């Protein structure tokens, strides 16, 4: 007897989101999408409502980093356009984030009057999202919708980029076929001959090199091929660094690890090794200005092999249609097994050995704070850094195995970290987020602390209060870098949960850290009050370079 | 002796912004635009830094409503894309808002590496803004830049729509010609023959009509032709209503005024008159779904003459290239002068005569609150309503002469009102803003209260706390409409200025209103705690219509 089919386009889509691996969906309801929110609420998905759409997008971005895929659901126009910047960031940093937007009724698309939340052009939002997603569709026909939904989600999962699905209000409840099992084909096929040739060339160059090194990038994480990558690292014996974005893709305790290498990072030892290397094997690195700014080695193609998700570049020529994992596996097969190459720099874990002894009455400085933090983070932690000096300072922390790291180090949306904390914690409930955010960034998205409280989450938020946009002060100072001073530590009271405090001395920091450990189930908002010009060496270097331009 | 020319593209642009009529420019600094911020700070413009870009855009939108033009300045990518929704709203509601965005160096546009804050496509932001602005340009040549700047600003002022100027970092300091006087040609020429024919037809229809009425829309305000419009109203003697958007375009004390007419507005008397009219003369109205939803008259072209900024529609035919002001003046010239037509409904000012006597222990209701407010607002006020029930409730208030009204009644971005309060107060320092915002809307953009405090502004903010998105509850209820409860009245303490309180009873409301009057130089945040389902009749009607769909 055939089972009754009660599927609608709405229930089909909700089921596919779940089958794609989403457990929590972020968003803000609005009248173009209420019926679909109703379906989401009745589905197996957990609906997490954010305070605004941009925050929902940042949360979904971080969720995708740890969970492998995420979703965000908003209303049309005012919702979809407010969300845009977060999706552009996810596109830049290669995250599979599925955007669901309600839309005007199919039946109303030809009406003469103007619909609210629109500017009159019914294709505007679609046309914009098309530019920052790997696949995009407006569902207008319940017979075609299942295939369109499947293809759009599959492209998102395959290419690790955002996708856009617009679901007009009146199609939500239209009957359609039932969702069967969903098996997404996420393979990116490689050209066998191209691989063969590229690997031969790479092997020859690497085996002839005197000081080969590996630079680990973020794509290895996005495509979930860390194990294969680590096998290659082990097999080669080469020392390796990671980029800012690629931090913790391979655990930093690995004996061949030499540090984080990036334009403005201050791991001097890693810099020395890479600058003198005669062959740099880049695996999954995005060549962004933040990663390569102010360094020389990465501008010299003659000593570089760069393998990305879809191509390999050796010196000045490119092999197209080579998938990163296929290249890594083939390279390991063909490369001679080598002993670990000794390098003349200490292992970065040395940072943990430098003892920190608090001087209770001493005013806290940025340097001393991060020294203390290096000894505070344990393996059940996800570190989250906002754009600004926090990016560089967190990059400089040494991460034990099990520590995850979320830095939007390429797109660098200021204000990203607080919503990202929400997304990260929901994706990985076993990790406690420790978030580092400047005062300027914090003010941008402060309301999402409320959602953290509502969901009973327990992050430790270090609000680095240096009274303004310090990253900009070092480049071009002016009154526009000043911020209005808040009593930040009173915010948990306003939001009805967690606790807050302000820290000025090393003694007070110890008390706060102790309390954060004791209140393990609660949000902690710890304001670290430092001097206006107290910033990292990396930032000072960045400022100096900016001024030279 | 020739004067030395120190002009650069940056100083030229700053000067033109000032000459266009901008006194305050909103924005958020970022590294692609720091040099231009430095120029702005040294110019005659006041730089108002917002907590985030979307808020800056909303503030600039409201500033344009009262000042006639506004500007907002942001960094590239993360800034420009975060701002987008506000500019789309300004486009929809016809506001001359000049967007200035920094941009990557001209010299770096062809580099192979990826620049931060971008997704790699250097034309992305321009291509997106092109869709929601009336003119847009990337300045890439210092010789062409002056002409391009002039043309872009002129189009913005002429068509009352946003414009977009992208100024790459390295062009800011390049020398260019000095800015002379700026006289923008903002005329939209009319076709004389078309006017003649359209006016003849309109006069014939109107003079043959038994019950002609005028419906006043927002374009009359945007194009600053309220005086000419009022002359026509006086001359004709016809009763007139305004749309939601057109509220206060002609002062409501006018003897021919019958009320606000809109889809879900509850001015029943105005509805009666318009529904029975046999010829409706619409002057500058945008036919949006919120304006016409649930009404019949406006769907019947046979009894309508609609004159807009650039065309006139009579019944089912259209005359193109007729400018609104030319039509209004010509119509007044040709129409017979008439006595004021008596209508069978009381003048809306009757609302002020209904006395309000507080019952101190009585729990406050929405209806009683707005009754009280109707007797509280005086002529030195600008009323600002957020999207949601506040829109309908503020539309229903009677406004004395001198009271201005800001409602984003078409685009309806929730969260608009708090940043809009900032923009409105800076545009018209002589008016005290009274802002009505729901709890959901307030949470979206709460941080801009901080900027209001920083600028020492004195709005009265009524935070209508009914524990959730009530506008959505009446359509489709669900847990997704719940909000996390905040201690809202503690926020002024967090932001270091102004004062807050929570009001539950009519007695408490009196105390709060008294305090707001006494503290005339300070921000007041007054939380009005009402029941979850306590909302306007308009909202209930909207919900009922939504559910029928």
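Residue numbers (our numbering), protein chains in the order written: chain A, 15 to 563; chain B, 15 to 563.
Think of the CB as a built atom: it goes at the ideal place given N, C-alpha and C, for glycine as much as any other residue.
Model, not experiment: these values are computed from the prediction.
Specify the secondary structure class of residue i as computed by DSSP and reduced to three states.
| i | result |
| --- | --- |
| residue 179/B | strand |
| residue 131/B | coil |
| residue 16/A | With a pLDDT of only 48 at residue 16/A, under 50, the local geometry of the prediction cannot be trusted, and the value read off the model is given with reservation. In this structure, residue 16/A counts as coil in the three-state DSSP scheme. |
| residue 391/A | coil |
| residue 35/A | coil |
| residue 555/B | helix |
| residue 333/B | strand |
| residue 79/B | helix |
| residue 149/B | strand |
| residue 119/B | coil |
| residue 377/A | strand |
| residue 479/B | strand |
| residue 21/B | coil |
| residue 484/A | helix |
| residue 189/A | strand |
| residue 302/A | strand |
| residue 356/B | coil |
| residue 561/A | helix |
| residue 499/B | coil |
Residue i lies in the beta strand (DSSP E); which residues open and close that run?
| i | result |
| --- | --- |
| residue 418/B | 418-421 |
| residue 142/B | No beta strand (DSSP E) holds residue 142/B; the alpha helix (DSSP H) holding it covers 138-143. |
| residue 325/A | 325-328 |
| residue 272/A | 271-274 |
Using the DSSP secondary-structure output, state which residues sit across from residue i in a beta bridge.
| i | result |
| --- | --- |
| residue 228/B | 254/B, 295/B |
| residue 286/B | Looking at the DSSP assignment, residue 286/B forms no beta bridge with any residue, so it has no partner. |
| residue 516/A | 541/A |
| residue 448/B | 397/B, 474/B |
| residue 318/A | 294/A |
| residue 40/B | 62/B, 86/B |
| residue 260/B | Partner(s): none; residue 260/B has no beta bridge. |
| residue 110/A | Answer is none; residue 110/A lacks a bridge partner. |
| residue 405/B | None; residue 405/B has no bridge partner. |
Just to confirm, are residue i and residue j a CB contact at a threshold of 8 Å?
| i | j | result |
| --- | --- | --- |
| residue 294/A | residue 92/B | no |
| residue 132/B | residue 178/B | no |
| residue 450/A | residue 488/A | no |
| residue 153/A | residue 162/A | yes |
| residue 76/A | residue 438/A | yes |
| residue 360/B | residue 283/B | yes |
| residue 296/A | residue 319/A | yes |
| residue 117/B | residue 90/B | yes |
| residue 197/A | residue 230/A | no |
| residue 62/A | residue 469/A | yes |
Along the chain, where does the alpha helix (DSSP H) that runs through residue i open and close?
| i | result |
| --- | --- |
| residue 170/A | 159-173 |
| residue 99/B | 92-106 |
| residue 437/A | 431-441 |
| residue 346/A | 338-348 |
| residue 363/A | First-last for residue 363/A: undefined, no H or E at that position. |
Compare the C-beta of residue i against all C-beta atoms of chain E and say whether one is closer than 8 Å.
| i | result |
| --- | --- |
| residue 478/A | Any reference to chain E falls outside this structure, whose protein chains are A and B. |
Flag residue i as yes when its Cβ comes closer than 7 Å to any non-hydrogen atom of the ligand SAH, and as no otherwise.
| i | result |
| --- | --- |
| residue 542/B | In the structure shown, the ligand SAH is absent, as is every other ligand, since no ligand is present at all. |
Report task. Give a yes or no on contact between the segment 459-477 of chain B and the segment 64-78 of chain B, applying the rule of three or more CB pairs nearer than 8 Å. Result -> yes
Query raised in the report: Is it a yes or a no for the segment 97-106 of chain B touching the segment 185-195 of chain B, going by three-plus beta-carbon pairs under 8 Å?
Result: no
Query raised in the report: Between the segment 545-555 of chain B and the segment 375-385 of chain B, do three or more beta carbon pairs fall short of 8 Å?
Result: yes
Query - Inter-stretch contact at 8 Å, needing at least 3 Cβ pairs: the segment 382-398 of chain A / the segment 429-448 of chain A - result: yes
**Report entry** the segment 336-352 of chain A / the segment 243-260 of chain A touching (three or more Cβ pairs under 8 Å)
**Finding:** yes
Query raised in the report: When the Cβ atoms of the segment 476-485 of chain A are set against those of the segment 111-130 of chain A, are three or more pairs found closer than 8 Å?
Result: no
Query - the segment 410-429 of chain B in contact with the segment 40-54 of chain B per 3-pair CB rule at 8 Å - result: no
Query raised in the report: Does the count of Cβ pairs from the segment 39-49 of chain A and the segment 37-44 of chain B closer than 8 Å reach three?
Result: no
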